[in-house]
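Worksheet for the structure shown next.
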Amino acid sequence: MWKRDEAVKPTSQPTPAAPVASNVQPSAPVAQQVEPRRIERDLVNIGKSVVIKGELSGSEDLTIEGQVEGKIELKDHLLTIGPNARIKAQVFAKTVIVLGEVNGNVSASEKVEIRDGGSVDGDIVSPRVAIAEGAHFRGSVDMQKKAGSVSTTASSSVKPAPAPAVAQAAQPAAH
Amino acid sequence: MAFSDLFSRRRKDEPDLDTGAAKAPVHSTKVLAKFIASLNGRNSPVLLDLGSVTGSNVTFFGERLGCKIIVEDLSKDIDRAVKEKTIPELPAHFARRFSQPDASVDGILCWDVFDYLDKHAAAALAKQMVRLLKPDGVVLAFFNTLEPKEPNAAIYTKHVVVDAAHLQYRPYPAARGKQRPFQNRDIQRMFEPLRITEQFLLKSQQREMLFRKAGEAAPAGAGA
Chain A
2 MWKRDEAVKP
12 TSQPTPAAPV
22 ASNVQPSAPV
32 AQQVEPRRIE
42 RDLVNIGKSV
52 VIKGELSGSE
62 DLTIEGQVEG
72 KIELKDHLLT
82 IGPNARIKAQ
92 VFAKTVIVLG
102 EVNGNVSASE
112 KVEIRDGGSV
122 DGDIVSPRVA
132 IAEGAHFRGS
142 VDMQKKAGSV
152 STTASSSVKP
162 APAPAVAQAA
172 QPAAH
Chain B
13 MAFSDLFSRR
23 RKDEPDLDTG
33 AAKAPVHSTK
43 VLAKFIASLN
53 GRNSPVLLDL
63 GSVTGSNVTF
73 FGERLGCKII
83 VEDLSKDIDR
93 AVKEKTIPEL
103 PAHFARRFSQ
113 PDASVDGILC
123 WDVFDYLDKH
133 AAAALAKQMV
143 RLLKPDGVVL
153 AFFNTLEPKE
163 PNAAIYTKHV
173 VVDAAHLQYR
183 PYPAARGKQR
193 PFQNRDIQRM
203 FEPLRITEQF
213 LLKSQQREML
223 FRKAGEAAPA
233 GAGA
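Chains A and B, in that order, give the protein sequences.
The working numbering applies: residue 2 is where the first sequence begins, and numbers increase by one.
The working numbering applies: residue 13 is where the second sequence begins, and numbers increase by one.
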C-alpha cells in the first residue's frame, strides 16, 4: 500500500539541488549523473583550492570558492562568488552574488548583489544593484536601464509614487 | 498578496540587505528634493557620492535618475589620515584623490564630510568639487553650525535616503570628531565660483546647501 511507485516520479516538485563538487569546466555537465533528476538546476562549484587563470565561461549557474584571474562569462546564469573566493577578473553574468572578494568590473543583465562581508573594487553595470550594510564597495554603479527593463525596474522604486524619471531612463547607456 | 505589499519598500523576492536600518532617527531634508529635481531632466547623469557606501541610496538614485553613481567614501580617507597621523597632508591628498576628468560629474553628494575637515583640507576638497562639476551641475552639502562639544564624540553619520524629503541618520564610529563649523562666507569662498542656490537651516542646527555651477548656455527648464 505504501510502496512508492517508481515509475511515476513527481515532476513539478522542485527539489534542492545537489552541487557537483569541484567541476572546473562549467560548460560540460556530467550527463549520466544528472539524467535521473533532469529537472534540478545544475550547480557547479569551483572549490577553495582551485586557481584558474584565463577565461571561464559556461552555460549553467556557478559558485566559485577559489581564485580566478582573467575573465568570467556566464551570460544567462547566476554566478555566486563565495565567501572564500578571490576574483581578479572582469565578470559578466545574468545575476552576480558576491560574498567574497572581487577586483574588477562586474556586469550583470539582471542584478548584482554584494552581501554582508562581500567586497567589490571595480565598476558595476546592472539594472538592479543591492549592496548590504557590511559590504565593501569602491567604484561606480551604472544602473541605466535598457528599454525592455524600464517597467520592471521602475516598479521596485523606493517610493510608491510613480517615478517621473522613467522616460529618460530608457536612454541608451552612454558610459 | 496583502494590499500593503503593493507599497512595500522592497521587492518580495529580495532579501532585506540593509539590516542596520532599524531604529536610527529620520530627519526631514529640504535640499535633497531640489538636488534630485536639478538632475531629473538630464540624460544619463553622473553622480559622485562622497559618503559611505549605502546600498539603498545607490538603488534610490539609480532608479530615480537612471544615473551612473561613483562612490568615493572620504570617511575612510579621513580615518586613514588620523591613524597614520597625516592630517596636515589631507589637502595634498585631496588634490590628487579624484581621477575623474574636469567637468565630468553632474551632481555631487558631499553630505556632512566638510564637518570633519579643517579649513585647508576643506578648501582643497571644495576646489576638486568645482573642478569635477559640469556646467550647471549641483553639489549637496550639509554644514554643522554648532561648536563641537567637549569631549568631541568621534562619530560619522550615514545619510540614508528614505524618500526625497527624509533622511535617516545612522551613526557609526569614526576616527575623528566634527571640527569647528565654517562661517557662511568661508563656505561661499571655498566653493567659488559656484553659487549657493538653496540654503536651509534645520531645527537640528544643520545647514543644508545646494551649490550650482554656472551653465555654459542656459538650458531649457532647469529646476529650482
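Built from N, CA and C at the ideal position, the CB exists for glycine as well.
For residue i, three-class secondary structure by DSSP
i        : result
B:Lys97  : coil
B:Ala187 : coil
B:Glu75  : helix
A:Gln14  : Annotation note: pLDDT 43 at A:Gln14 (below 50); position unreliable, no value reported.
A:Ser60  : coil
B:Leu206 : coil
A:His126 : Reading the sequence as shown, one finds Val at residue 126 of chain A and not His. Strand at A:Val126.
B:Pro147 : strand
A:Pro165 : Residue confidence is low: A:Pro165 scores 34 on pLDDT, short of 50, so the model does not pin down where it sits. No coordinate-derived value is stated.
B:Leu59  : strand
B:Asn196 : helix
B:Gln217 : coil
B:Leu86  : helix
B:Val65  : coil
B:Glu228 : coil
A:Ala90  : strand
B:Asn52  : helix
A:Ala136 : coil
B:Val38  : strand
B:Asp130 : coil
A:Leu100 : coil
Closest residue to residue i among the options (Cα-Cα distance)
i        : options                                : result
B:Glu159 : B:Ala186, B:Ala176, B:Pro193, B:Arg188 : B:Pro193
B:Asp175 : B:Gln217, B:Ser87, B:Lys190, B:Phe72   : B:Phe72
B:Met141 : B:Ile120, B:Ile90, B:Arg197            : B:Ile120
B:Asp127 : B:Val117, B:Lys95, B:Ala165, B:Pro113  : B:Ala165
A:His137 : A:Glu111, A:Pro84, A:Arg129, A:Pro128  : A:Pro84
A:Ser127 : A:Gly48, A:Lys89, A:Ser110, A:Glu61    : A:Ser110
B:Leu214 : B:Thr157, B:Val151, B:Arg201, B:Val58  : B:Thr157
B:Met202 : B:Val125, B:Leu137, B:Asn69            : B:Leu137
B:Ala187 : B:Lys95, B:Asp148, B:Phe106            : B:Lys95
A:Pro86  : A:Leu75, A:Leu63, A:Met144             : First, the amino acid is wrong: residue 86 of chain A is Ala here, not Pro. When each option's Cα is compared against that of A:Ala86, the closest is A:Leu63.
B:Arg143 : B:Lys170, B:Leu179, B:Phe106, B:Lys131 : B:Phe106
B:Val125 : B:Ser116, B:Asp118, B:Ala135           : B:Ala135
B:Gln211 : B:Leu59, B:Arg182, B:Lys97, B:Val43    : B:Val43
B:Asp198 : B:Glu228, B:Cys79, B:Leu102, B:Asp130  : B:Asp130
A:Gly119 : A:Ala133, A:Lys112, A:Arg129           : A:Ala133
B:Glu228 : B:Pro147, B:Lys139, B:Lys97, B:Gln180  : B:Pro147
Beta-carbon proximity of residue i to residue j, cut-off 9 Å
i        : j        : result
B:Leu222 : B:Ser50  : yes
A:Gly71  : A:Gln91  : yes
A:Ile125 : A:Asn106 : yes
B:Ile99  : B:Ala133 : yes
A:Ile73  : A:Gly101 : no
B:Asp91  : B:Gly63  : no
B:Trp123 : B:Ala104 : no
A:Val69  : A:Lys49  : no
B:Tyr168 : B:Ser87  : yes
B:Val117 : B:Leu145 : yes
B:Ile81  : B:Leu59  : yes
A:Arg114 : A:Ile98  : The amino acid occupying residue 114 of chain A in the given sequence is Glu; Arg does not appear at that position. The answer is yes: Cβ separation under 9 Å.
Integer Cβ distance of residue i from residue j, believed to fall under 8 Å
i        : j        : result
B:Pro205 : B:Ala177 : That pair is no contact at about 30 Å.
B:Val83  : A:Ser60  : Actually they do not touch by this definition, with Cβ atoms about 33 Å apart.
B:Thr66  : B:Val172 : 5 Å
A:Thr96  : A:Lys76  : Actually they are not in contact, since the Cβ atoms of A:Thr96 and A:Lys76 sit about 11 Å apart, beyond 8 Å.
A:Met144 : A:Val121 : A:Met144 to A:Val121, Cβ: 15 Å. No contact.
Buried/exposed call for residue i, threshold 16 Cβ in 10 Å
i        : result
B:Gln218 : buried
B:Glu220 : buried
A:Ala94  : buried
B:Gln195 : exposed
B:Arg108 : exposed
B:Pro57  : buried
B:Tyr184 : exposed
A:Val52  : exposed
B:Asn55  : exposed
B:Arg207 : exposed
A:Ala32  : Summary for A:Ala32: the model assigns pLDDT 37, below 50, so the residue's position carries little reliability; its value from the coordinates is reported in the next sentence. Burial call: exposed.
Cβ-heavy atom distance, residue i to the ligand SAH, below 8 Å
i        : result
B:Ala115 : As for the ligand SAH, it is missing from this structure, which has no ligand bound.
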